[in-house]
Amino acid sequence: MTLSSSKTRLASLRTELERRNPAEPEFHQASREVLESLAPLFAARPEYAQPGLIERLCEPERQIIFRVPWQDDGGTVHVNRGFRVEFNSALGPYKGGLRFHPSVNLGVVKFLGFEQIFKNALTGLGIGGGKGGSDFDPRGRSDSEVMRFCQSFMMELHRHIGEHTDVPAGDIGVGGREIGYLFGQYRRITNRWEAGVLTGKAEAWGGSAMRPQATGYGSVLFAGEMLSRRGEELAGQSAVVSGSGNVAVHTIEKLMRSGAHALTCSDSEGYVVDEKGIDLELLRQIKEVERARVSEYAERRGASARYVPGGRVWDVPCDVAFPSATQNELDRQDALTLVRNGVKAVSEGANMPTTPEAVGILQEAGVAFGPGKAANAGGVAVSALEMRQNAARDSWTPERVEDELAQIMRDIHRVTYETAERYGAPGDYVTGANIAGFERVADAMLAQGLI
1 MTLSSSKTRL
11 ASLRTELERR
21 NPAEPEFHQA
31 SREVLESLAP
41 LFAARPEYAQ
51 PGLIERLCEP
61 ERQIIFRVPW
71 QDDGGTVHVN
81 RGFRVEFNSA
91 LGPYKGGLRF
101 HPSVNLGVVK
111 FLGFEQIFKN
121 ALTGLGIGGG
131 KGGSDFDPRG
141 RSDSEVMRFC
151 QSFMMELHRH
161 IGEHTDVPAG
171 DIGVGGREIG
181 YLFGQYRRIT
191 NRWEAGVLTG
201 KAEAWGGSAM
211 RPQATGYGSV
221 LFAGEMLSRR
231 GEELAGQSAV
241 VSGSGNVAVH
251 TIEKLMRSGA
261 HALTCSDSEG
271 YVVDEKGIDL
281 ELLRQIKEVE
291 RARVSEYAER
301 RGASARYVPG
311 GRVWDVPCDV
321 AFPSATQNEL
331 DRQDALTLVR
341 NGVKAVSEGA
351 NMPTTPEAVG
361 ILQEAGVAFG
371 PGKAANAGGV
381 AVSALEMRQN
391 AARDSWTPER
401 VEDELAQIMR
411 DIHRVTYETA
421 ERYGAPGDYV
431 TGANIAGFER
441 VADAMLAQGL
451 I
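This note's numbering numbers the first residue of the sequence shown as 1 and each following residue consecutively.
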């Protein structure tokens, strides 16, 4: 198959995929990015282009939608919608987080699950791809209301998960509190202690050291590897971080430990820039203890910090940028601003936070761009290490987990970099990650027959 015919076939497949999955723009975007990367692979390796393989990979093995009725503290009954998309299990049990946020719908969950297939494959840890969640918003809800919602959610979800079947974790809106309520209800329903059924648990009852830190730390480690390829290091670099949740906080923490200067954090209402560098303890007090807005940070920090309501965090000049909040938060204009201000590398801590137009601008300008399926794979990698510890009823030290994480991120960087070179796209981590992940999943699918 020639490169031209490969592109024609993939374009046709993309059109059919969008026809079969209407009104799912996030899923269209995620699948388009992967399909557009595969033409050189299909031209060089025709066995991957055989009819039915890529079509199967783009169709979830199972899509589960269910209602979640629950009662608030005032006695009012609410009905939310729950989702679990079990996308591909060729490499192992489905693995991927649960997101509780009003924006969650089937298309969002499918995009996240599709990305998860390749991300999980890149870790080399034997896990398939899936994702789930609900349009429930935990913000402003009491602990009792969140508990009742989680218990109702698990009443249906428990039928579909298990340590050898599907292993959910947390995501936006699902932290340690929610995982605890979900796990408790699972135990209550099943009458068994099955620690490996959920990851992101507290260390005291089956969780792994370093799991909260893993996604943010991994994103910084990947950025460090990209800079190292260019003869630079993170120490002394200025960094802009978006978001103020778990990923952003631990991205800032790892940057500080690496000798870099993290200047910003943000939420949906605006951003803070702190010329002295973000005060991590103050940020944690405001976001994790008080659950307040980042504007509080500027008010308490003093003269070095200012709050910009409704602003774009990407307006702050920096050497390295870490989009760590949500999908499509960094657009074309933001990319132009970053390039104009001399950014050297962008490492995605969130899932698909950079629009396709912005990715193209960054790559054309020679910016090292780490796509989420490679750069933020540290979270699911340590989740898989948590599963390994659960299977052995073992508990590893933080030092051991961090060493394992660092090696996994080095391996992911190496395989994406080398794959991009092998297929004529040196330095293109998007192409490298997509092809490398696809090869691992496709090889397993081909070996297992038409299923």
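C-beta: ideal position from N, C-alpha, C; glycine also.
Remember, it's a predicted structure, so these values are computed and weren't measured experimentally.
- Judged by DSSP secondary structure, Ser134 falls within the beta strand (DSSP E) whose first and last residues are Gly128 to Ser134.
- With contacts defined by Cβ atoms closer than 8 Å, Ala381 and Ile408 form a contacting pair.
- Taking each of Leu10, Ile179 and Asp73 in turn and checking the Cα distance to Glu55, the smallest one comes out for Leu10.
- In this structure, Asp315 keeps its C-beta atom at 8 Å or more from the C-beta atom of Arg293.
- Between Ala358 and Ala248, the C-beta spacing is not below 8 Å.
- Linking Asp143 to Gln50 through their CA atoms gives a straight-line distance of about 52 Å.
- Beta-bridge partners assigned by DSSP to Thr354: Leu330.
- Here Pro69 carries a strand assignment [DSSP, helix/strand/coil].
- Taking 4 residues as the shortest admissible run, the region 96-127 contains the following complete alpha helix (DSSP H) segments, listed from N- to C-terminal end: 106-123.
- Within the same chain, Cβ atoms closer than 8 Å to the Cβ of Lys344 are found at Leu227, Arg230, Glu232, Gln237, Asp319, Val320, Val367 and Ala368, the five residues on either side in sequence being excluded.
- Bridge pairing for Ser238: His261 [DSSP].
- When only Cα atoms are considered, Leu221 and Asn434 end up about 19 Å apart.
- Ala384 is positioned such that its CB atom lies no closer than 8 Å to that of Ala90.
- For Pro398, the secondary structure class from DSSP, reduced to helix, strand or coil, is helix.
- The residue among Gly133, Thr2, Val108 and Glu47 with its C-alpha nearest the C-alpha of Ala23 is Val108.
- Ile64 carries a strand assignment under DSSP once its states are collapsed to helix, strand and coil.
- DSSP lists Lys95 as the bridge partner or partners of Val167.
- Under the three-state reduction of DSSP output, Val77 falls in the strand class.
- Under the 8 Å Cβ criterion, the region 91-108 does not count as touching the region 35-53, having fewer than three qualifying pairs.
- Distance from the CA atom of Gly92 to the CA atom of Thr431, rounded to whole angstroms, is 24 Å.
- The three-state reading of DSSP puts Gly82 in strand, counting E and B together.
- Looking at the backbone, the Cα of Leu122 and that of Arg414 are separated by about 11 Å.
- Contact between Gly216 and Tyr271 does not hold, since the beta-carbon distance rounds to 17 Å and is not under 8 Å.
- Look at Asp267 here: in three-state DSSP terms it is strand.
- With respect to Gly200, Ala169 sits close: the two C-beta atoms are nearer than 8 Å.
- Fewer than three pairs of CB atoms, one per stretch, sit closer than 8 Å, so the region 330-339 makes no contact with the region 270-288.
- Per DSSP, Pro309 is one residue of the beta strand (DSSP E) stretching across Ala305 to Pro309.
- Apart from the 5 residues on each side of it in sequence, Thr251 sits with its Cβ closer than 7 Å to the Cβ of Gly216, Ser219, Val220, Val241, Phe322, Ser324 and Gly349 in its chain, given in chain order.
- Between the alpha carbons of Glu33 and Ser6 lies a gap of roughly 15 Å.
- According to DSSP, residue pairing for Ala345 in a beta bridge involves Val320 and Ala368.
- Between Ser347 and Ala447, the gap from beta carbon to beta carbon reaches 8 Å or more.
- Within 10 angstroms of the beta-carbon of Ile451 lie fewer than 16 other beta-carbons, which makes it exposed.
- By a beta-carbon distance limit of 8 Å, Ser134 contacts Gly82. Their separation comes to about 5 Å.
- For Gly378, the enclosing alpha helix (DSSP H) has its first and last residue at Gly378 to Ala392.
- In the three-state DSSP reduction, Asn21 falls in the coil class, being neither helix nor strand.
- By the Cβ criterion, the region 185-196 is not in contact with the region 368-377, since fewer than three pairs of Cβ atoms, one from each stretch, lie closer than 8 Å.
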